[in-house]
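Encoded as structure tokens, the structure appears first; notes follow it.
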Amino acid sequence: MHKIVFLDRETIAPQIRLRSPAFAHELVVYDRTAPDQIVERLAGASIAITNKVPLSAAVLAQLPALRLIAVAATGTDCVDKAYCQQRGIAVANIRGYAVNTVPEHTFALMLALRRNLVAYRDDVLAGEWQRSGQFCFFNHAIHDLRGARLGIIGEGVLGQRVADIARAFGMVPLFAARKGRTGAGSLYTPWDEMLATSDIITLHCPLTPQTRGMIAMPEFRAMVRRPLIINTGRGGLVDEAALVQALDEGLIAGAGFDVADGEPPAADSPMMRIAARPNVILTPHVAWASDEAQQALADQLIDNIEHFVAGSPRNLLQ
Numbered sequence: 029m030h031k032i033v034f035l036d037r038e039t040i041a042p043q044i045r046l047r048s049p050a051f052a053h054e055l056v057v058y059d060r061t062a063p064d065q066i067v068e069r070l071a072g073a074s075i076a077i078t079n080k081v082p083l084s085a086a087v088l089a090q091l092p093a094l095r096l097i098a099v100a101a102t103g104t105d106c107v108d109k110a111y112c113q114q115r116g117i118a119v120a121n122i123r124g125y126a127v128n129t130v131p132e133h134t135f136a137l138m139l140a141l142r143r144n145l146v147a148y149r150d151d152v153l154a155g156e157w158q159r160s161g162q163f164c165f166f167n168h169a170i171h172d173l174r175g176a177r178l179g180i181i182g183e184g185v186l187g188q189r190v191a192d193i194a195r196a197f198g199m200v201p202l203f204a205a206r207k208g209r210t211g212a213g214s215l216y217t218p219w220d221e222m223l224a225t226s227d228i229i230t231l232h233c234p235l236t237p238q239t240r241g242m243i244a245m246p247e248f249r250a251m252v253r254r255p256l257i258i259n260t261g262r263g264g265l266v267d268e269a270a271l272v273q274a275l276d277e278g279l280i281a282g283a284g285f286d287v288a289d290g291e292p293p294a295a296d297s298p299m300m301r302i303a304a305r306p307n308v309i310l311t312p313h314v315a316w317a318s319d320e321a322q323q324a325l326a327d328q329l330i331d332n333i334e335h336f337v338a339g340s341p342r343n344l345l346q
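Anchor point for the sequence shown: position 37 equals 65 in the numbering used here, and the numbering is continuous, going up by one each time.
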């Protein structure tokens with residue numbers, strides 16, 4: 029019988045159904061797990077489920093029974109994968125579940141910022157409509173998406189879906205070549221050209237040592253068209269102090285972020301200092317979290333576990 033331990037069930041909404049695996053098992057579920065509780069809770073478990081609880085080499089070395097780490101997310105930076113490979117611990121993640129929810133959230137941020145919806149809503153609540161004395165007022169610029177050049181950083185499933193939606197709006201999507209790379213081919217726009225010619229830039233790439241801080245002051249200063257910056261990827265992709273400076277200097281038109289470098293962000297963090305600005309929208313890492321996407325994630329999570337136990341593993345990291 030397999031012992032399965034879910035370390036952080038609270039990272040999936042309570043209304044989402046987590047079905048029982050179709051094999052003999054004991055399932056133990058915890059809402060949250062602190063770092064000093066991990067080893068005790070996983071003692072004797074052959075399968076661990078984690079979303080954000082870190083499983084380091086030091087922790088894993090104390091868990092000889094562990095055979096599978098089922099990550100309840102696409103990102104696996106919470107797991108020491110090199111150690112797992114050495115020890116023969118399989119790591120499976122979730123794939124493809126957010127193909128609708130993240131792009132839709134991306135465009136919600138774009139539309140709200142291009143049309144200054146937050147600023148106009150604040151004006152209405154402050155009585156500006158009544159003071160205007162007419163049927164409308166023009167306190168903030170409004171721009172269509174049609175015809176705008178959209179720089180997309182990351183050409184995976186999400187980036188491709190964003191490009192599809194952009195074309196439906198009549199936008200011009202540009203897939204950015206890797207920063208510092210040349211000779212990427214005709215399907216990619218050189219990095220510097222993407223920065224200089226985009227009206228909106230959206231990030232859909234993983235956070236790695238190579239991509240951390242990939243957007244900083246040199247990049248902001250190269251953004252000739254004062255674009256919007258949309259980030260539904262990872263907070264560390266953008267230097268947050270530089271983002272504040274870029275907004276202060278008017279180098280960009282606004283920022284729509286669903287992520288922060290450190291979550292939740294500290295109250296005095298750069299992102300929280302700008303969160304109330306009318307040209308900034310900060311949402312709490314919920315782009316992935318439509319009910320439909322979360323249910324697909326939960327179903328795939330159990331599928332991954334059942335396939336592993338049946339001897340036909342899938343979604344394993346190589």
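Ideal Cβ positions, reconstructed from N, Cα and C, are used throughout, including at glycine.
{"Asked": "Pick helix, strand or coil for R123, following the three-state DSSP scheme.", "Found": "coil"}
{"Asked": "Apart from the five residues just before and just after R209, which ones in its own chain have a Cβ nearer than 6 Å to its Cβ?", "Found": "none"}
{"Asked": "Secondary structure at H133, three-state DSSP: helix, strand or coil?", "Found": "helix"}
{"Asked": "State yes or no: is the C-beta of R177 within less than 8 Å of the C-beta of T225?", "Found": "yes"}
{"Asked": "On the criterion of 16 or more Cβ atoms from any shown chain inside 10 Å, does E268 qualify as buried, or is it exposed?", "Found": "buried"}
{"Asked": "Distance check for Q65 and E14, CA to CA, integer angstroms please.", "Found": "Here the chain has residues from 29 to 346 only, and residue 14 is not among them."}
{"Asked": "Does F248 pass the burial test, meaning 16 or more other C-beta atoms within 10 Å, or should it be called exposed?", "Found": "buried"}
{"Asked": "For the ligand HEM, is there a heavy atom less than 7 Å away from the beta-carbon of T260?", "Found": "Absent from the structure shown: the ligand HEM. Ligands present: none."}
{"Asked": "In whole angstroms, what is the alpha-carbon distance linking Q322 and A315?", "Found": "11 Å"}
{"Asked": "List the endpoints of the continuous beta strand (DSSP E) containing K31.", "Found": "H30 to F34"}
{"Asked": "Taking Cβ to Cβ, would you say V185 is nearer than 8 Å to G124?", "Found": "yes"}
{"Asked": "N259 by DSSP, collapsed to three states: which one?", "Found": "strand"}
{"Asked": "What residues in its chain sit with their C-beta under 6 Å from that of D289, if we drop five residues either side in the sequence?", "Found": "G263, G264 and E268"}
{"Asked": "DSSP three-state label for V266, please.", "Found": "strand"}
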